[in-house]
Amino acid sequence: MAFSRNLTADETLQPGAQGRPGMTRREMLRDCLLAGAGLAIEASLGGCGARQRGRKTGVPRGWHEVSHYEKLPGNRVRCGICWRACEVGPGERGQCGNKENRDGVYYSLVYGKVAALNVDPIEKKPLFHFLPGTSALSFGTAGCNMHCRNCQNWEISQRQPEQVHSLPYSPEALATLARKHSCASLAYTYNEPTVFYDFMRDTARLAREYGLRSVMVSNGTLRRQPMLELAPVLDAVKVDLKSGTNDFYKQYCDGVLSPVQETIKRVHGLGKWLEVVFLVIPGLTDGRDNIAQACDWLLSAAGADTPLHFSRFHPEYRLKDIPATPYETLARCHEQARQAGLNYVYVGNVAEEEHQQTRCPGCGRTVIGRSGFEITAIHLDDGRCRYCHQPIPGVWA
Ligand code: SF4
Numbered sequence: 003m004a005f006s007r008n009l010t011a012d013e014t015l016q017p018g019a020q021g022r023p024g025m026t027r028r029e030m031l032r033d034c035l036l037a038g039a040g041l042a043i044e045a046s047l048g049g050c051g052a053r054q055r056g057r058k059t060g061v062p063r064g065w066h067e068v069s070h071y072e073k074l075p076g077n078r079v080r081c082g083i084c085w086r087a088c089e090v091g092p093g094e095r096g097q098c099g100n101k102e103n104r105d106g107v108y109y110s111l112v113y114g115k116v117a118a119l120n121v122d123p124i125e126k127k128p129l130f131h132f133l134p135g136t137s138a139l140s141f142g143t144a145g146c147n148m149h150c151r152n153c154q155n156w157e158i159s160q161r162q163p164e165q166v167h168s169l170p171y172s173p174e175a176l177a178t179l180a181r182k183h184s185c186a187s188l189a190y191t192y193n194e195p196t197v198f199y200d201f202m203r204d205t206a207r208l209a210r211e212y213g214l215r216s217v218m219v220s221n222g223t224l225r226r227q228p229m230l231e232l233a234p235v236l237d238a239v240k241v242d243l244k245s246g247t248n249d250f251y252k253q254y255c256d257g258v259l260s261p262v263q264e265t266i267k268r269v270h271g272l273g274k275w276l277e278v279v280f281l282v283i284p285g286l287t288d289g290r291d292n293i294a295q296a297c298d299w300l301l302s303a304a305g306a307d308t309p310l311h312f313s314r315f316h317p318e319y320r321l322k323d324i325p326a327t328p329y330e331t332l333a334r335c336h337e338q339a340r341q342a343g344l345n346y347v348y349v350g351n352v353a354e355e356e357h358q359q360t361r362c363p364g365c366g367r368t369v370i371g372r373s374g375f376e377i378t379a380i381h382l383d384d385g386r387c388r389y390c391h392q393p394i395p396g397v398w399a
């Protein structure tokens, strides 16, 4: 029942990110970024630190003023989108590399500039309790506000807009394309959507008018105010909880744990559908204590019914020297999370399907069957287990 409909050549995209049985999420992302989007990556990695750009005047066509920032003396600005709150001088860029201060006005360089685009199964996000078997028109841009050493999408996330071949897509064009391909939702993904906030928000607003849902696939760093502004047109959020401790965030992601925790609590508090992904990296995040800390925290912050996906690490980018996560480790994490009290725990990026099924916590029977990204069975009636009538949390219609 799950399906993947790729975009046609006349939509300037090539096939390649289609879900194949047994295909890992990593393989699909790779296809999507390098083939499905049909976009060439043109320049070598340039880094994403604060950037001195020199004196520049005028505003290039297509730049879009950022909605959340503060003007400071001396034509400086302070960005209000993510936890970094970058203070940016004239001619400089913020840490995400895709916003620039031009004469005291702060601009996004990636509004309407799509660097990756595809029709994906919603299960690929991964969202397992949100409209199973439907598809999401998924897109991203250049730039990111974290610099994870294991990034799977570094070809666009760790590059400046000028270094990535992007194509122009307005919110209207994306919503129209989503309807054309019978998508139930739009997904803001591939790079961190926080860094293309205005483009995401405007697309989500339009998507709502078109009868489409919106899904944010995030590292959990959007600040409170923009999140509250986005919330009315947001339907589901997947947040990466990369570790139970701040050390890993600092050392391997150039990030901080606390804003992520705040986001998870905020999304849960707003009543948006929330699922959490934990990437299990051998020797870095797979320790029993770390897993216990993450599970206990999630349980207390967002409750036992928040789905938690343990995802398999593959050697990538700057962590090529670490081997892929053994399945036994993932199975142990699954067991630990279940024992901690979480009701819906999954294992992803693996061929084994044992821990990809949704089982009713009441009677233990499978209520949603999955094979790869394909839905094989749904035994729910009005959001309840067909066998014992236990409510199963999620967005089912
Ligand atoms: S969105 Fe970019 S510019 Fe704004 S605070 Fe975050 S990293 Fe800095």
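Positions 3 to 399 (this note's numbering) are the ones given, in order, by the sequence shown. Cβ atoms here follow ideal geometry from the backbone N, Cα and C, with glycine treated the same way. As the structure is a computational prediction, the values presented were derived from the model and not from experiment.
- In this structure, the ligand SF4 has a non-hydrogen atom nearer than 7 Å to the beta-carbon of A87.
- In this structure, the CA atom of Y329 is about 25 Å from the CA atom of W156.
- In the three-state scheme derived from DSSP, where H, G and I count as helix and E and B as strand, Y108 is classed as strand.
- The continuous stretches of beta strand (DSSP E) do not include W156, which lies in the alpha helix (DSSP H) extending over residues 156-159.
- In this structure, V279 lies away from T223, with their beta-carbon atoms at least 8 Å apart.
- Around the beta carbon of C297, 16 or more other beta carbons lie within 10 angstroms, which makes this residue buried.
- T136: not part of any alpha helix (DSSP H); DSSP gives it neither H nor E.
- Taking C-beta separations shorter than 8 Å and ignoring five residues to either side along the sequence, the partners of G106 in its chain run K73, N77, R78, V79, P92, following chain order.
- Nearest to A206 by C-alpha distance, out of Q97, L188, E354, H336, is L188.
- Contact annotation: Y319 and R104 have beta-carbon atoms that are not nearer than 8 Å.
- As the crow flies, the alpha-carbon of H391 is around 8 Å from that of G364.
- Of the candidates L139, P134, G246, W275, P134 places its Cα closest to the Cα of T378.
- Taken atom to atom, the span from the alpha-carbon of C146 to that of P317 is near 20 Å.
- V349 and M202 have their C-alpha atoms some 29 Å from each other.
- Between the ligand SF4 and K101, a heavy atom-to-CB distance of less than 7 Å is present.
- Of the heavy atoms belonging to the ligand SF4, none sits nearer than 7 Å to the Cβ of T143.
- Between the ligand SF4 and the CB of G257, the shortest heavy atom gap is not smaller than 7 Å.
- The count of Cβ pairs closer than 8 Å, one atom from the stretch 214-230 and one from the stretch 178-196, reaches three, so the stretches are in contact.
- Measuring C-alpha to C-alpha distances from H381 to each of I370, G374, F375 identifies I370 as the nearest.
- For E211, the enclosing alpha helix (DSSP H) stretches over residues 199-211.
- Pairing F132 with R63, the inter-Cα distance amounts to about 38 Å.
- A Cβ-Cβ contact shorter than 8 Å links V116 with T143.
- Around the beta carbon of L230, fewer than 16 other beta carbons sit within 10 angstroms, so the residue counts as exposed.
- If only uninterrupted alpha helix (DSSP H) runs of at least 4 residues are considered, those enclosed by the stretch 208-283 are 226-232, 259-271.
- Restricting attention to W299, C387, Q341, the CA atom closest to the CA of R361 is found in C387.
- Under the three-state reduction of DSSP, R151 is assigned to coil, being neither helix nor strand.
- Counting of Cβ neighbours within 10 angstroms places D384 among the exposed residues, the total staying below 16.
- Per DSSP, N120 is one residue of the beta strand (DSSP E) stretching across 118-123.
- Here the C-alpha atom of F250 lies approximately 16 Å from the C-alpha atom of S313.
- Of all alpha-carbon atoms in Q154, L243, V258, R210, the one lying nearest the alpha-carbon of D237 is that of R210.
- Ranked by how close their Cα comes to the Cα of Y254, the residues L321, D291, E194 have L321 in first place.
- Nearest Cα to H311 within the set L286, G289, V282: V282.
- DSSP places Y348 in the strand class (E or B) of the three-state scheme.
- Taken through DSSP and simplified to helix, strand or coil, P170 comes out as strand.
- Judged by DSSP secondary structure, A326 falls outside any beta strand (DSSP E); it is assigned neither H nor E.
- The nearest non-hydrogen atom of the ligand SF4 is less than 7 Å from the C-beta of T196.
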